[in-house]
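Visitor:
Protein chains in written order, with my numbering: chain A, 4 to 282; chain B, 2 to 186.
(1) Is it true that the CB of residue 135 of chain B sits closer than 8 Å to the CB of residue 106 of chain B?
(2) Where in the stretch 8-84 of chain B do unbroken runs of the beta strand (DSSP E), each at least 3 residues long, occur, reported from the N-terminal end onward?
(3) At the 8 Å Cβ level, is residue 65 of chain B part of the contact set with chain A, yes or no?
(4) Do the stretch 157-169 of chain A and the stretch 131-145 of chain A make contact, defined as three or more Cβ pairs closer than 8 Å?
(5) In whole angstroms, what separates the C-alpha of residue 176 of chain B from that of residue 148 of chain B?
(6) Alpha carbons only, please: which of A/263, A/46, A/215, A/249 is nearest the one belonging to residue 229 of chain A?
(7) Taking CB distances under 8 Å as the criterion, tell me whether residue 153 of chain B reaches chain A.
(8) Should residue 239 of chain A go down as buried or exposed, given a rule of 16 or more other Cβ atoms within 10 Å for buried?
(9) Short of 7 Å in beta carbon distance, which residues of its chain neighbour residue 282 of chain A, apart from the five on each side in sequence? Order them along the chain.
(10) Could you tell me whether the stretch 56-76 of chain A touches the stretch 23-37 of chain A, where touching means 3 or more Cβ pairs closer than 8 Å?
(11) Indicate the three-state DSSP secondary structure (helix, strand or coil) for residue 105 of chain B in the structure shown.
(12) Under 8 Å, CB to CB, which of the residues in the stretch 92-108 of chain B have a partner in chain A?
(13) Relative to the C-alpha of residue 141 of chain A, which residue among A/254, A/64, A/221 is closest?
(14) In its own chain, which residues sit with a C-beta less than 7 Å from the C-beta of residue 123 of chain A, not counting the 5 before and 5 after it?
(15) For residue 30 of chain B, which residues from the same chain have a beta carbon less than 6 Å from its beta carbon, with the 5 sequence-adjacent residues on both sides left out?
(16) Have a look at residue 20 of chain A and residue 83 of chain B and give me their C-alpha separation to the nearest angstrom.
(17) Is the Cβ-Cβ distance between residue 3 of chain A and residue 185 of chain A less than 8 Å?
(18) If I measure Cβ to Cβ from residue 4 of chain B and keep anything under 6 Å in the same chain, skipping five residues before and after, which residues do I get?
(19) With which residues is residue 164 of chain B paired in a DSSP beta bridge?
(20) Please confirm whether residue 18 of chain A and residue 56 of chain A have their CB atoms less than 8 Å apart.
(21) Would you mind sorting residue 99 of chain A into buried or exposed? The rule is 16 or more other CB atoms within 10 Å of its CB.
(22) Using beta carbons (cut-off 8 Å, strictly below), is residue 229 of chain A in contact with chain B?
(23) How about residue 13 of chain B and residue 155 of chain B: do their beta carbons lie closer than 8 Å?
(24) Where DSSP assigns a beta bridge to residue 93 of chain B, which residues make up the other side?
(25) In the stretch 107-138 of chain A, which residues sit with their C-beta less than 7 Å from some C-beta in chain B, listed in chain order?
(26) Are residue 22 of chain A and residue 75 of chain A touching if we call contact CB-CB under 8 Å?
(27) Can you list, in chain order, the residues of its chain whose CB lies under 7 Å from that of residue 220 of chain A, leaving out five sequence neighbours each side?
(28) Closest Cβ-Cβ distance between residue 111 of chain B and chain A: below 8 Å?
(29) Buried or exposed: residue 154 of chain A, going by 16 or more other Cβ atoms within 10 Å of its Cβ?
(30) At 4 residues or longer, and completely inside the stretch 99-170 of chain A: list those alpha helix (DSSP H) runs for me, N to C.
(31) Hey, quick one: how far does the alpha helix (DSSP H) through residue 57 of chain A stretch, first residue to last?
(32) Mapping DSSP to helix, strand and coil, what is residue 252 of chain A?
(33) Quick check: is the beta carbon of residue 103 of chain A nearer than 8 Å to any beta carbon in chain B?
(34) Could you list which residues in chain B have their beta carbon closer than 7 Å to that of residue 31 of chain A, in chain order?
(35) What do you reckon, are the CB atoms on residue 159 of chain B and residue 132 of chain B nearer than 8 Å?
(36) For residue 193 of chain A, list the residues DSSP reports as bridge partners.
Listed below in structure tokens is the structure:
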């Protein structure tokens, strides 16, 4: 099944006219692919889908949840977490408070990755953790902090690379037990974050495109990893501006390792490896 | 007349790809997209390994990077790579397709949509059927479809699945694939 640009436009306009959601500035090819998948999964034509979305609010919400991508991992790309551990977080060590915003946090694995790292560095107590997503279903999972274990077996490898090992010094090995942060239940096949972690973050629904910053504070670190790749260049620029306005003067932005900041907005940030500092 | 080449491969394709890249001349003036499955733990060092013998620069694109002729673009590990309209890439972390991320099908779908009949799609040795539907889409869009001769492949599942999914234009040995590409330069 292949949908035409006109059909995509019809869908986007319909959604925009009946809801707060606006997909106008999404990357065309990947959005089209997501929409085709929704049609196949629901066994519907685009005409039927548009009609149902127009009439049924609950169905519209479900379609929006299915179209947006919600994959995330514990310590995805260990390299970036090593950079946080050795290069970024030490800059904030002497502050009395550190504010961190996970924008587009999905099911929360990166929120917990960050908190584990902060705790190992003795900085968790002074951290305020804010996490937002458009999709309330994934936020519910995030709040629970419970994940499939074997399906995500890489999580332990990533944990070792970031928390136990020191890439700059092989003799520096910290034998931190997993049970300090999560319980592995092999019969139920779950990995469940400890209350020490789950009780702390403030998870809130937020529409990155429309709402801007919904918290009454600025941030030291904003993580927005592999979220903006679904937006076109114009919308990316708008969000980079929003982040810039909401970072403290020495704050920084962390993107996915294959994300880039292009155009004039890049001049507002100073890039250091994988990290973008506010200028 | 062709505007881009896209190559998909999996198990057993690394040496073939290396050989193809080694034989492309410096003035090759089309972009080449590579979508190769790799072992989960071989996430880095792939570009360096492929670069050793290639006259063309090999890069893993970032999201929204411009596509330029004469460059070889390798789909980054753990991302899907889309070829977008407007001559740019878009990356995605959506679920694996055919147990693969990057998925060859997804890259081929988007390239076929974008380049239509100006695309050459090539499927090499590989151990699953990812890429078969992608190559069919290239064919439907009017592009040229090629598979590596299964007789020559270390693992023939991928080319045979592609041949079952669509009537491919050429079943070629590595050397003939190379000759085809060189004739475009």
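Even glycine gets a Cβ: it sits at the ideal position worked out from N, Cα and C.
On a predicted model such as this, the values are computed, not experimentally measured, just so you know.
Guide: So, to answer that:
(1) In the second chain, residue 106 of chain B corresponds to position 105, counting from 1. In the second chain, residue 135 of chain B corresponds to position 134, counting from 1. Their beta carbons are under 8 Å apart, which means residue 106 of chain B touches residue 135 of chain B by this criterion.
(2) With a minimum length of 3 residues, the continuous beta strand (DSSP E) runs that stay inside the stretch 8-84 of chain B are 33-37, 73-75.
(3) Within the second chain, the letter at position 64 stands for residue 65 of chain B. Interface residue, yes.
(4) The stretch 157-169 of chain A and the stretch 131-145 of chain A do not touch, with fewer than 3 CB-CB distances between them shorter than 8 Å.
(5) Taking the second chain and counting its residues from 1, one reaches residue 176 of chain B at position 175. Taking the second chain and counting its residues from 1, one reaches residue 148 of chain B at position 147. C-alpha separation (whole angstroms): 12 Å.
(6) Here residue 229 of chain A refers to the residue found at position 226 of the first chain. Residue A/263 is the option with its Cα nearest to residue 229 of chain A.
(7) Counting from one through the second chain, the residue named residue 153 of chain B turns up at place 152. It does not; no Cβ of chain A falls within 8 Å.
(8) Mapped onto the first chain, residue 239 of chain A falls at position 236. Looking at its Cβ environment, which holds 16 or more other Cβ atoms inside 10 Å, residue 239 of chain A is buried.
(9) Your numbering for residue 282 of chain A matches position 279 in the first chain. Excluding five sequence positions before and after residue 282 of chain A, the CB atoms of its chain that fall closer than 7 Å to its own CB belong to 271, 272, 273, given in chain order.
(10) The stretch 56-76 of chain A vs the stretch 23-37 of chain A: in contact.
(11) Position 104 of the second chain, counting from 1, holds the residue named residue 105 of chain B. In this structure, residue 105 of chain B counts as helix in the three-state DSSP scheme.
(12) Within the stretch 92-108 of chain B, the qualifying residues are 92, 93, 94, 95, 96, 107.
(13) For the purposes of this step, residue 141 of chain A is taken as the residue at position 138 of the first chain. Per the C-alpha coordinates, the member of A/254, A/64, A/221 positioned closest to residue 141 of chain A is A/64.
(14) Residue numbering aside, residue 123 of chain A sits at position 120 when the first chain is read from its first letter. In the same chain as residue 123 of chain A, and ignoring 5 residues on each side of it, the C-beta atoms closer than 7 Å to its own belong to 166, 179, in chain order.
(15) The residue labelled residue 30 of chain B in the question sits at position 29 within the second chain. 70, 71.
(16) Taking the first chain and counting its residues from 1, the one referred to as residue 20 of chain A is at position 17. Taking the second chain and counting its residues from 1, the one referred to as residue 83 of chain B is at position 82. Spanning the two alpha carbons is a distance of roughly 29 Å.
(17) Examination of residue 3 of chain A is not possible in this model, given that chain A is present from 4 through 282 alone.
(18) Along the second chain, read from residue 1 onward, the residue named residue 4 of chain B stands at position 3. Same-chain partners within the cutoff: 116, 119.
(19) Residue 164 of chain B sits at position 163 when you count from the first residue of the second chain. Per the DSSP secondary-structure output, residue 164 of chain B pairs with nothing in a beta bridge.
(20) In the first chain, residue 18 of chain A corresponds to position 15, counting from 1. In the first chain, residue 56 of chain A corresponds to position 53, counting from 1. Cβ atoms of residue 18 of chain A and residue 56 of chain A: closer than 8 Å.
(21) Indexing the first chain from 1 puts residue 99 of chain A at position 96. By the Cβ-count criterion, residue 99 of chain A is exposed, with fewer than 16 other Cβ atoms from all chains shown falling within 10 Å of its own Cβ.
(22) Against the first chain, residue 229 of chain A aligns to sequence position 226. Residue 229 of chain A counts as touching chain B.
(23) Your numbering for residue 13 of chain B matches position 12 in the second chain. Your numbering for residue 155 of chain B matches position 154 in the second chain. The beta carbons of residue 13 of chain B and residue 155 of chain B sit closer together than 8 Å.
(24) As a first step, residue 93 of chain B is located in the second chain; it is residue number 92 there, counting from the start. Bridge pairing for residue 93 of chain B: B/81 [DSSP].
(25) The stretch 107-138 of chain A vs chain B, Cβ under 7 Å: nothing.
(26) As a position in the first chain, residue 22 of chain A is number 19, starting the count at 1. As a position in the first chain, residue 75 of chain A is number 72, starting the count at 1. Going by C-beta atoms, residue 22 of chain A is not nearer than 8 Å to residue 75 of chain A.
(27) As a first step, residue 220 of chain A must be located in the first chain, where it is residue number 217. The answer, listed in chain order, is 102.
(28) Mapped onto the second chain, residue 111 of chain B falls at position 110. Yes, residue 111 of chain B counts as interfacial toward chain A.
(29) The sequence position of residue 154 of chain A within the first chain is 151, counting from 1. Exposed.
(30) Unbroken alpha helix (DSSP H) runs of no fewer than 4 residues, entirely contained in the stretch 99-170 of chain A, are found at 112-123, 139-147, 157-162, following chain order.
(31) Taking the first residue of the first chain as position 1, residue 57 of chain A is located at position 54. Looking at the DSSP string, the run of the alpha helix (DSSP H) that includes residue 57 of chain A is 49-58.
(32) The count along the first chain starts at 1 and reaches residue 252 of chain A at position 249. Here residue 252 of chain A sits in strand by DSSP.
(33) Within the first chain, numbered from 1, the residue matching residue 103 of chain A stands at position 100. No, residue 103 of chain A does not count as interfacial toward chain B.
(34) Residue numbering aside, residue 31 of chain A sits at position 28 when the first chain is read from its first letter. Within 7 Å of the CB of residue 31 of chain A, the CB atoms of chain B belong to 85, 86, in sequence order along the chain.
(35) For the purposes of this step, residue 159 of chain B is identified with residue 158 of the second chain, where counting begins at 1. For the purposes of this step, residue 132 of chain B is identified with residue 131 of the second chain, where counting begins at 1. Going by beta carbons, residue 159 of chain B and residue 132 of chain B fall inside the 8 Å limit.
(36) Numbered from its first residue, the first chain carries residue 193 of chain A at position 190. Under DSSP, residue 193 of chain A takes part in a beta bridge, and its partners are A/151, A/188.
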